[in-house]
Amino acid sequence: MTKRRDNTQTANLTLGGITLGFLLSYPFHASFVGGLLSSGCSAGMIGGLADWFAVTALFRRPLGIRPGKVFRTEIIPQNRERIFAALADMVQHELLSQDALRHKLSAWDFSGVLIRILGKEEVKLSVIPLLTNLAGDIVRHMEQGEFTLILQSLLQDNLGSLNLSQTLAEVLEFSLDHGDVDQVLSVICRATNEYVEQPEVKAALMNMMEAALIRYGENNATRKMVIKFLPAPSVLAHGLQEKIKKALRDGTVERWLKDSLLRFVLELKTKPSLQESLNRFCLNIPAFRGTSTEKVRSIIEHFMGDLWNNYDEYLGILECNRSLRLKVDERVKLILDKQIGLRHNAIGHMVREGLDPLTDDKLVELIEDKAGNDLQMIRINGSVVGGLTGMLIYVLRMVLA
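This is the structure:
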């Protein structure tokens, strides 16, 4: 702010000094020195006044002149919608393009974030009881006959001929229909929200925004000027952080996770490659070999007890299993890649939502705060260049005469 006021004062003093110089030198314009100074000051005064009018017309009405076909004033307020549309388009298609987002996401360690979230005590205390209750519900419904029909249609004498993917799909559907998954999804969203609030996350977002702005304005003076109209990287990062937190709190992410589970259930039922992979994985577990219907209860209880007693150990194994983490990262990035393609237009909408509350006065204030200092330099340059040009023309005229 101080720097801008200094340039405004310098521009005014430059124009005032050149005008005073013209008034003082004009009575002596018949002499060479007087004519040289008079010509230079008059040209500088005209250039300074023209640039003052042009710069002021960007924001206001110089001399009270209303916008018209001859004189264009209040240019920025008059083109408010076009400016907003251009900024939204620039952020969506250039600053945060799909390719740029995919490039940034490719470098993120999603499995590390997942391990960190699952390692939170709140998540652990929610996930384990949920799975235990889910297992208990399954066993209870088997005993009561409600779930027996489902399992009897799927279970054979041993799991070698069992379609495990179909079984898992039925179990997940049962859990989703009874709302058992909602609680754990809610806790995961809360834990993720706490993670997003961490200073290192904001720093990472700020670095990403700063790198994107540098890349966008690299070797392009016009784009560098456009960047001046945007908030600082720290402000952009804070805004993005708040948008993410809002999506985590208002149920948007929870609904998306639930929809993803439903799509996974559909894939379990319809995708042969996924079915074969799951069946092959489970059949390689010794405890599942030769299992009959009567042993389902003991397997479930053993699995839940083992998970409860060795939760942290399993997380440690996952953390050290590089190949598995790479597969998790690959899967998450594949999901996010699809979401980028489907929801990339939301970036432009978010920018418009952030800009629409700006009134004409606020918009003018924002742009003046970002670019006003450089615009005042235009006035100074106009006066100086005009003055030098006037002197040069006077000298050439005298030489040619």
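Just add 86 to wherever you are in the sequence shown, counting from 1, and you've got the working numbering. Even glycine gets a Cβ: it sits at the ideal position worked out from N, Cα and C. Small disclaimer: the values here were computed from a predicted structure and weren't measured.
{"Query": "What residues in its chain sit with their C-beta under 8 Å from that of G282, if we drop five residues either side in the sequence?", "Result": "Checking the sequence shown, residue 282 turns out to be Val, not Gly. The residues are Q327, I330, K331, L334."}
{"Query": "What's the gap between the Cα of V270 and the Cα of T94?", "Result": "58 Å"}
{"Query": "With burial defined as no fewer than 16 other Cβ atoms inside 10 Å of the residue's Cβ, what is the status of S111: buried or exposed?", "Result": "buried"}
{"Query": "Indicate whether L262 and K344 have their beta-carbon atoms separated by less than 9 Å.", "Result": "yes"}
{"Query": "Considering only the beta carbon of each residue, do I466 and A97 sit closer than 9 Å?", "Result": "yes"}
{"Query": "Closer than 8 Å by C-beta to Q184: which residues in its own chain qualify, once you throw out the five before and the five after it? Chain order, please.", "Result": "I426, G427, H430"}
{"Query": "How many whole angstroms separate the CB atoms of L142 and S469, which I take to be in contact at a CB cut-off of 8 Å?", "Result": "Reading off the sequence shown, one finds Thr at residue 142, where the question assumed Leu. Not quite, the Cβ-Cβ distance comes to about 15 Å (not below 8 Å), so this is no contact."}
{"Query": "Does Q178 pass the burial test, meaning 16 or more other C-beta atoms within 10 Å, or should it be called exposed?", "Result": "buried"}
{"Query": "Entirely within the region 281-346 and at least 4 residues each: give me those alpha helix (DSSP H) ranges in chain order.", "Result": "285-303, 307-313, 319-335"}
{"Query": "Assuming the contact rule is C-beta atoms closer than 8 Å, S128 and F108 should be a hit. Round their C-beta distance to whole Å, please.", "Result": "5 Å"}
{"Query": "Rounded to whole angstroms, how far is the Cβ of G473 from the Cβ of G126, which I believe are closer than 8 Å?", "Result": "4 Å"}
{"Query": "Smallest Cα separation from W194: which of T105, I104, A290?", "Result": "A290"}
{"Query": "Do the region 451-461 and the region 131-145 meet, that is, are 3 or more Cβ pairs less than 8 Å apart?", "Result": "yes"}
{"Query": "Where do the ends of the alpha helix (DSSP H) carrying A143 lie?", "Result": "118-145"}
{"Query": "Leaving aside the five residues before and after M131 along the sequence, list all residues of the same chain whose C-beta is less than 6 Å from its C-beta, in chain order.", "Result": "I104, T105, F108"}
{"Query": "Given a threshold of 16 other Cβ atoms within 10 Å of its Cβ, counted over all protein chains shown, does V437 qualify as buried or as exposed?", "Result": "buried"}
{"Query": "For L322, collect the residues of the same chain with a Cβ closer than 6 Å to its Cβ; drop the 5 residues on either side in sequence, then sort them by chain order.", "Result": "M295"}
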